[in-house]
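Everything below concerns the one structure shown next.
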DNA sequence: GGCCCATCTAAGAAGACTCTCATCGGCCGC
DNA sequence: GCGGCCGATGAGAGTCTTCTTAGATGGGCC
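As structure tokens, then:
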């Protein structure tokens with residue numbers, strides 16, 4: 097199992113990332129400021145670092161530079177709140193392997209983490225998720241139910257994917273909302289319910305189970 | 097450079113695949129029937145096989161089985177004209193690593209070929225294409241022009257991607273049409289022109305050069 | 001049973017996307 | 001210069017996607 101260091105001061109965001117990474121099968125650890133982050137990263141216990149640029153204590157750029165200097169092989173994925181291309185370009189030039197601009201959808205962060213941690217050709221990438229009669233092709237963006245083809249929209253696919261990847265576990269509306277819609281999406285909305293309805297209509301009523309008071313689950 | 101064997105009897109389709117693979121930096125070779133295909137595949141000169149199921153002479157399934165038996169490590173990507181889930185499931189069970197249903201967009205075939213040939217962690221995947229002021233992020237599905245963010249639709253992104261990946265080469269309307277829209281798309285349409293116009297509006301007039309009588313090129 | 005609350009669903013508005021059609025403009029050969 | 005052809009572009013139709021709203025449904029507790 098891969099260890100990931102999350103250097104992020106906003107508790108809301110670090111918790112969000114941490115939970116998501118855990119659900120995806122990674123072992124995350126949080127550092128709330130630059131100095132702690134740098135020191136932890138340099139221990140060598142981590143396979144990847146998710147680094148916020150806007151940090152208290154020690155600026156993210158400085159952390160990035162020190163990591164580059166001392167552990168050039170450690171992949172760093174930079175988060176920046178400022179929608180400023182100069183920042184991101186500077187980050188990439190300083191050695192970040194990738195970057196994301198807040199607010200981001202968790203699914204995208206996960207895709208990037210997976211991409212950067214991929215290493216052995218043995219562990220073939222998952223391009224299909226199967227559960228009983230339902231088969232979802234992530235590359236084709238299509239689903240098969242029994243023998244017939246079903247087209248899924250981008251949102252529907254994204255929602256189905258996270259449910260299937262966490263097969264057996266209940267996912268709360270908030271989790272689904274932040275994973276699929278982004279962590280700053282209006283929490284009062286009932287989009288999740290509506291899209292669960294769409295999935296049921298397309299993939300069969302019993303594709304998702306409602307767990308009253310908690311959320312949804314695919315068994 | 098990777099060698100790819102294309103076993104396909106329809107000349108129109110094999111030529112289409114072959115050209116596209118060449119443009120993408122692969123070395124393709126065509127076999128027009130099952131027996132030739134099987135014999136070539138067994139020489140061991142190829143890194144991947146694209147195999148049509150509906151073949152004259154020797155059925156695609158038989159070819160697949162023989163390849164599995166004698167070269168289990170050789171990745172085979174199956175093409176099937178029949179929109180029949182049984183066929184594809186059977187193909188996968190027989191050991192195909194992946195499948196595509198005709199008609200397909202070439203871009204998708206390419207994505208699958210790349211995925212299956214990927215092997216060393218060294219050659220990091222391309223997630224960004226850059227050319228002068230224009231930067232395109234394939235994962236984010238966004239573009240940056242100078243310092244500002246531009247949203248691209250799925251079609252626009254796909255078109256921009258193939259143009260950028262073939263930087264310096266002229267691509268004909270037919271090539272673009274088959275790559276982005278699929279090889280059976282109405283050849284009389286001027287969608288390509290229209291979408292080139294959209295790209296110019298979003299990415300700058302001089303992003304693409306028109307080569308009168310031939311097609312378009314990104315320098 | 002009756003009530004409350006969580007969940008489901010139908011309907012629809014707004015907007016994005018894709019493509020066609022028709023017209024306009026300019027390049028090229030004569 | 002002129003005509004014809006190739007490409008550019010504007011308008012718009014049809015469809016799909018996404019999200020909100022509001023009312024219907026139904027579970028669980030009293």
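Protein chains in written order, with the working numbering: chain A, 97 to 315; chain B, 97 to 315.
All C-beta atoms in this analysis are idealised placements derived from N, C-alpha and C, irrespective of residue type, glycine included.
All figures in this text were calculated on a predicted structure; none of them were measured in a lab.
Determine whether the beta carbon atoms of residue i and residue j lie at a separation below 9 Å.
i	j	result
residue 267/B	residue 111/B	no
residue 318/B	residue 206/B	Outside the shown range of chain B, which is 97 to 315, sits residue 318/B, and nothing can be said about it.
residue 209/A	residue 117/A	yes
residue 288/B	residue 273/B	yes
residue 103/B	residue 130/B	yes
residue 175/B	residue 142/B	no
Do you know whose CA, among the options, lies nearest residue i's CA?
i	options	result
residue 280/A	142/A, 210/A, 108/A, 212/A	108/A
residue 234/A	222/B, 244/B, 232/B, 211/B	211/B
residue 137/A	209/A, 159/A, 204/A, 190/A	159/A
residue 113/B	284/B, 148/B, 241/B, 161/B	148/B
residue 177/B	187/B, 169/B, 168/B	187/B
residue 285/B	300/B, 269/B, 293/B	269/B
residue 161/A	140/A, 134/A, 150/A	134/A
residue 167/A	154/A, 191/A, 150/A	191/A
residue 154/A	277/A, 169/A, 132/A	132/A
residue 150/A	121/A, 240/A, 300/A, 128/A	128/A
residue 292/A	214/A, 312/A, 121/A	312/A
residue 140/B	115/B, 121/B, 169/B	169/B
How many whole angstroms separate the CB atoms of residue i and residue j, which I take to be in contact at a CB cut-off of 8 Å?
i	j	result
residue 275/A	residue 157/A	In fact, because the Cβ distance is near 29 Å, the residues do not count as touching under 8 Å.
residue 248/B	residue 198/B	Their Cβ separation, rounded to whole angstroms, is 27 Å, which puts residue 248/B and residue 198/B out of contact at 8 Å.
residue 105/A	residue 152/A	6 Å
residue 163/B	residue 146/B	About 12 Å; that fails the 8 Å criterion.
residue 196/B	residue 204/B	7 Å
Sorted by chain position, which residues of the same chain lie with C-beta nearer than 8 Å to residue i's C-beta, five sequence neighbours on each side aside?
i	result
residue 314/A	227, 259, 260, 262, 263, 264, 303, 304, 305
residue 242/B	229
residue 238/A	232, 245, 246, 247, 248
residue 250/A	237
residue 300/A	229, 230, 241
residue 115/B	271
residue 283/B	270, 273
Excluding the five sequence neighbours on either side, which residues of its own chain have a C-beta within less than 6 Å of the C-beta of residue i, listed in chain order?
i	result
residue 123/A	97, 99
residue 308/B	none
residue 171/B	144, 193, 212
residue 125/B	101
residue 278/B	199, 201
residue 121/B	none
Quick one: what's got a C-beta closer than 7 Å to residue i's C-beta in the same chain, skipping five residues either side?
i	result
residue 295/B	252, 255, 256, 303, 304
residue 310/A	266, 268
residue 216/B	With a pLDDT of 43 at residue 216/B, under the threshold of 50, the modelled position of that residue is not reliable, and no figure is offered here.
Does the Cβ of residue i lie closer than 8 Å to at least one heavy atom of the ligand ATP?
i	result
residue 131/B	Absent from the structure shown: the ligand ATP. Ligands present: none.
Runs of 4 residues minimum, wholly inside the segment 243–313 of chain B: which ones carry the alpha helix (DSSP H) assignment? DSSP runs (the alpha helix (DSSP H)) wholly in the segment 243–313 of chain B: 250–261, 269–272, 287–299.
Identify every run of the beta strand (DSSP E) within the segment 182–242 of chain B, keeping only runs that are complete inside it and at least 3 residues long; order them along the chain. Fully enclosed beta strand (DSSP E) runs of no fewer than 3 residues occupy 194–197, 224–227, 230–233, 238–241 of the segment 182–242 of chain B, in order along the chain.
So within the segment 107–158 of chain A, which uninterrupted beta strand (DSSP E) runs reach at least 3 residues, ignoring any that extend past its ends? As far as the segment 107–158 of chain A is concerned, its whole beta strand (DSSP E) runs of at least 3 residues are 123–127, 144–148.
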